[in-house]
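Just so you know, we're using this note's numbering here: the sequence shown kicks off at 16 and counts up by one.
The structure under discussion appears below in the form of structure tokens.
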Amino acid sequence: RHCTDVICCVIFIVVILGYIALGIVAWVHGDPRKVIYPTDSYGQFCGQKGTLNENKTILFYFNILKCASPIVLINLQCPTTQLCVSKCPDRFATYIDVQASYRYKPDQWNYFRQFCKPGFNNPRKSVAQVLRDEDCPSMVIPSRPFLKRCFPDFSTKNGVLTVANQTTFKDGRGKIRNVTDLREAANGINNVLDARSVGMKIFEDYAISWYWILIGLFIAMVVSLLFLVLLRFTAGVLFWIFIFGVIGIIGYGIWHCYWEYDHLKGIPGADLTVYDIGFQTDFRVYLQLRQTWLAFMIILCGVEVIIILMLIFLRNRIRIAIALLKEGSRAIGYIMSTLFYPIVTFILIAICISYWAVTAVFLATSGEPVYKVMANQTLCKYANLTCDPETFNTTNVTKLCPGAQCTFAFYGGESLYHKYIFIFQLANAFVFLWLVNFAIALGQCTLAGAFASYYWASRKPADIPLWPLFSSFGRAIRYHTGSLAFGALILAIVQLIRVILEYLDHKLKGTQNSFNRFLLCCLKCCFWCLEKFLKFINRNAYIMIAIYGKNFCTSAKEAFFLLMRNVVRVAVLDKVTDFLLFLGKILVAGGVGVLAFFFFTRRIPVFAQEAPVLNYYWVPLLTVIIGSYLVAHGFFSVYAMCVDTLFLCFCEDLERNDGSTAKPYFMSASLHRILGKKELSPKKA
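Here it is as structure tokens:
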């Protein structure tokens, strides 16, 4: 063994050090409070401890009619004064009415004054001057906090849009306005609030059922582990049971869909279509429609037919693949520690994701407060120009544009660092992709080295190293970090290009240029195919690196030509094995999912009282199904790597050896017999 791709290793280490430096710089300049807390017109955070706004956690808008949509509000670009308040208004009031009655109704003035600028307490100031200087809002309307901002308390009454059960309100400027003037903002806000309501219900379901979700995932882990252990002894029987089990589960799903479809016959409203009822936040409404169950039944029937046809045409190849899986199960039986290596890969990827997310947030909040001139007059030439709030009152802007103010606009900056924040974000994303692919490559090379040590042992298991997994991990880190980084770099470049293409496609969706969209579609398809091809080449290159210790390019070339010389075996064994393992994942996820369905819908009498009361039973159900699939995928990915490694070793064994005394085969007798060789005895001269 010797170090491979040293230059790439050095570059990789330098990039990691630079990535750490980028994170430190972002941490120094960034401030996540800009995301957590809203900011008022003076650039101060609402609710920040140790400031005057500590108890004022909500942002209030003087004139919300100037805010065209909720997106403008959330982005803090609404052209009106914004103040931090302790609570949102809960009644209708106008400054004109409050000023007229402040002498004999001081409580109304004290209530209204909390929505004025801090320190303002001059009800005798003329209304025109107050509104010009925006000392106080012209009106307040009943609102409720959302995203730490005061939004009008919209509701519908008999199909009519209202605010606090009223359809009209005074705008504080002598006009009676209809609530429909806020319709544009109301529609967007109500959609967001509906989504928030659904989100709160989903959160409640998770809070109630998390314990049972963990139990379901534990059952999936036990079933997956038990499956892999039993493969060593009963691979053929178990796989045929799995195959027919999947067919049976889908068959039960077809029967259940038909039963629901037939049961809803004649029930009023069941014959409506999904188009008739539109989008509903309560998804249980769709389960009351016959069309829903008919669609489910058709989909399941199609899946059932496809699986049966594939089994008929691939039955002989399946038997060959089962034999290879037995050899793989025997290898895992000798090296059981490999089953838990995916936990290491998961931890490494979790660290990469966390570092990338934190760095991205700090970079996004690395700006300084930028203030701009906000003028009531549309013809003011200084409008939207940057300004300094400390010196603004000494300039001529207030004279030329009466009522103009220097208010906070957004976070940004003109320094060299701030100009290149977008470049830093791209670098952050690129290095993140590189590190994630390196973590995956390290796992594949480590597992390949462990299983290769099993295959190339003359006497199994006597000649297998004592700690094959740890030895393989040490070799990969010590000698082949550069080669693994090289393969991960190539893949990261292609993935970054795909991300950029997706971004461009999103930006051009509204355009009518068909040629540009067609070109983007072709590029996306080509780079998707390129990424799949590179993943296949990299995976087999890492196996060759683990076996021979050569550099990445040499290993990739030798692996590619070796597979091309055995392309029929690759198609017959490798892909059929992937298909069977996929069926195993589906059966684990489906079996645990069916059990979870009966449990959460209280259809198991023994556990009926234990099942939690949920808003949406599909929330923990989908979580259990997806989580079970991922758990099974983690275990089965080790098995797939084992099969790929043994297959590549087998092909190499056939080409380098001939079964003679001088060049004996390293494969087991059963694998030798199944894959086409009639005898293991040395050839006679």
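Note that CB positions come from ideal geometry on N, CA and C, so glycine has one too.
Next item on the list: Below 6 angstroms CB to CB, which residues in the same chain sit around Leu-315 once its five sequence neighbours on both sides are set aside?
Entry: Excluding sequence neighbours, Leu-315 sits near Ile-265, Gly-268, Ile-269.
Check: According to the Cβ coordinates, are Val-607 and Gly-317 closer than 9 angstroms?
Finding: Going by beta carbons, Val-607 and Gly-317 fall outside the 9 angstroms limit.
Item checked: Distance between Gly-62 and Leu-595 (C-alpha atoms, nearest Å) -> Distance between the alpha carbons of Leu-595 and Gly-62 is about 56 angstroms.
Check: In the stretch 514–584, which residue ranges form an unbroken alpha helix (DSSP H) of at least 4 residues, counting only runs that do not cross its ends?
Finding: Note on the stretch 514–584: whole alpha helix (DSSP H) runs with a minimum of 4 residues are 529–563, 567–580, in chain order.
Checklist line | Sub-9 angstroms separation of Phe-650 and Leu-354 beta-carbons | finding: By the CB criterion at 9 angstroms, Phe-650 and Leu-354 fall inside the cutoff.
Note to self: For Gly-497 and Gly-489, what's the separation of their Cα atoms in angstroms?
What the structure shows: Their backbone Cα atoms lie some 14 angstroms apart in a straight line.
Notebook entry, point to check: Between which two residues does the alpha helix (DSSP H) harbouring Glu-15 extend?
Noted result: The first residue shown for the chain is 16 and the last is 700, placing residue 15 beyond what the model contains.
Note to self: According to DSSP, simplified to helix, strand and coil, what is Arg-192?
What the structure shows: Here Arg-192 sits in strand by DSSP.
Next item on the list: Classify Ile-73 as helix, strand or coil using the three-state DSSP reduction.
Entry: Strand.
Margin query: Using C-beta distances below 7 angstroms, list every residue in its chain close to Arg-159, excluding the 5 sequence neighbours before and after it, in chain order.
Written below: Counting only Cβ-Cβ distances below 7 angstroms, and skipping sequence neighbours, we find Cys-103, Phe-166, Asp-168.
Next item on the list: Tell me where the alpha helix (DSSP H) around Val-300 begins and ends.
Entry: Taken as a continuous stretch (DSSP letters only), Val-300 belongs to no alpha helix (DSSP H), as it is neither H nor E.
Note to self: Please report the straight-line C-alpha distance between Thr-638 and Phe-530, rounded to a whole angstrom.
What the structure shows: Thr-638 and Phe-530: Cα-Cα distance of roughly 41 angstroms.
Check: Assuming Phe-567 contacts Ile-560 under a Cβ cut-off of 8 angstroms, what Cβ separation, rounded to an integer in Å, is found between them?
Finding: Phe-567 to Ile-560, Cβ: 7 angstroms. Contact.
Next item on the list: Take Thr-195 and list the residues in its own chain whose beta-carbon comes closer than 7 angstroms to its own, dropping the five residues that flank it on each side.
Entry: Contacts found: Leu-176.
Item checked: Own chain partners of Arg-106 with C-beta closer than 7 angstroms, once the 5 adjacent residues on each side are dropped -> Result list for Arg-106: Pro-157, in chain order.
Check: How would you label Ser-141, buried or exposed, when you count the other beta carbons within 10 angstroms and need 16 or more for buried?
Finding: Classification for Ser-141: exposed.
Check: Where does Ile-204 land, buried or exposed, given buried means 16+ other C-beta within 10 angstroms?
Finding: Low per-residue confidence applies at Ile-204: pLDDT is 49, beneath 50, and the placement is therefore not dependable, though the value from the model is reported in the following sentence. Its Cβ being crowded by 16 or more others within 10 Å, Ile-204 is buried.
Next item on the list: Just tell me which of Ala-472, Val-359, Lys-434 has its CA closest to the CA of Thr-461.
Entry: Closest option to Thr-461, judged by alpha-carbon separation, among Ala-472, Val-359, Lys-434: Val-359.
Item checked: Start-end ranges of the alpha helix (DSSP H) lying completely within the stretch 323–350, minimum 4 residues -> Whole alpha helix (DSSP H) segments, 4+ residues: 330–349.
Checklist line | Buried versus exposed call for Pro-697 [16 or more other C-beta atoms within 10 Å across all chains shown] | finding: At Pro-697, the pLDDT of 40 sits below 50, so the modelled position is not reliable; the number obtained from the coordinates is stated separately. Exposed is the call here.
Margin query: Contact defined as beta carbons within less than 8 angstroms: I believe Cys-395 pairs with Cys-416. What is the distance between those atoms, to the nearest angstrom?
Written below: Correct: roughly 4 angstroms between the Cβ atoms.
Notebook entry, point to check: DSSP state of Ala-677, grouped into three classes?
Noted result: DSSP places Ala-677 in coil when its eight states are reduced to three.
Next item on the list: Report the residue from Leu-610, Asn-630, Leu-629, Tyr-631 whose alpha carbon sits nearest the alpha carbon of Val-621.
Entry: Of the candidates Leu-610, Asn-630, Leu-629, Tyr-631, Leu-610 places its Cα closest to the Cα of Val-621.
Next item on the list: Using beta-carbon positions only, say whether Leu-98 and Pro-133 come within less than 9 angstroms of one another.
Entry: Closer than 9 angstroms, so yes.
Margin query: Applying the 10 Å Cβ sphere with the 16-neighbour rule, what's the burial state of Lys-434?
Written below: So Lys-434 counts as exposed.
Margin query: Distance check for Phe-533 and Phe-3, CA to CA, integer angstroms please.
Written below: This structure gives no information on residue 3, because the portion of the chain shown stretches from 16 to 700.
Next item on the list: Would you kindly check if the distance between the Cβ of Val-658 and the Cβ of Leu-339 is under 9 angstroms?
Entry: Val-658 is positioned such that its CB atom lies closer than 9 angstroms to that of Leu-339.
Item checked: C-beta contact flag for Ile-217 and Val-628 at 9 angstroms -> Result no, Cβ atoms of Ile-217 and Val-628 do not sit closer than 9 angstroms.
Check: Taking the alpha helix (DSSP H) that Val-29 falls in, what are its first and last residues?
Finding: From DSSP, the alpha helix (DSSP H) with Val-29 extends over 21–44.
Notebook entry, point to check: With Trp-371 and Asn-443 assumed to form a contact (beta carbons below 8 angstroms), what rounded beta-carbon distance in angstroms separates them?
Noted result: Between Asn-443 and Trp-371 the Cβ distance is about 6 angstroms, and since that is below 8 angstroms, they are a contact.
Next item on the list: Determine the burial state of Ile-492: buried for a count of at least 16 other Cβ atoms within 10 Å of its Cβ, exposed for fewer.
Entry: Classification of Ile-492: exposed, given that the 10 Å Cβ count is below 16.
Item checked: Which residues DSSP lists as bridging Thr-96, in chain order -> Residue pairing by DSSP leaves Thr-96 without any beta bridge partner.
Next item on the list: For Met-351, count neighbouring C-beta atoms within 10 Å of its own C-beta (all shown protein chains included) and say buried if the count is 16 or more, exposed if not.
Entry: Classified as exposed, Met-351 has fewer than 16 neighbouring CB atoms from the shown chains inside 10 Å of its CB.
Notebook entry, point to check: Can you tell me where the alpha helix (DSSP H) with Leu-415 in it begins and where it stops?
Noted result: Annotation: the continuous alpha helix (DSSP H) that includes Leu-415 extends over 412–415.
Note to self: What would DSSP say about Ser-158, mapped onto helix, strand or coil?
What the structure shows: DSSP places Ser-158 in strand when its eight states are reduced to three.
Item checked: Of the listed residues Thr-592, Arg-554, Asn-399, nearest to Leu-329 (C-alpha basis) -> Taking only the C-alpha atoms, the option nearest Leu-329 is Thr-592.
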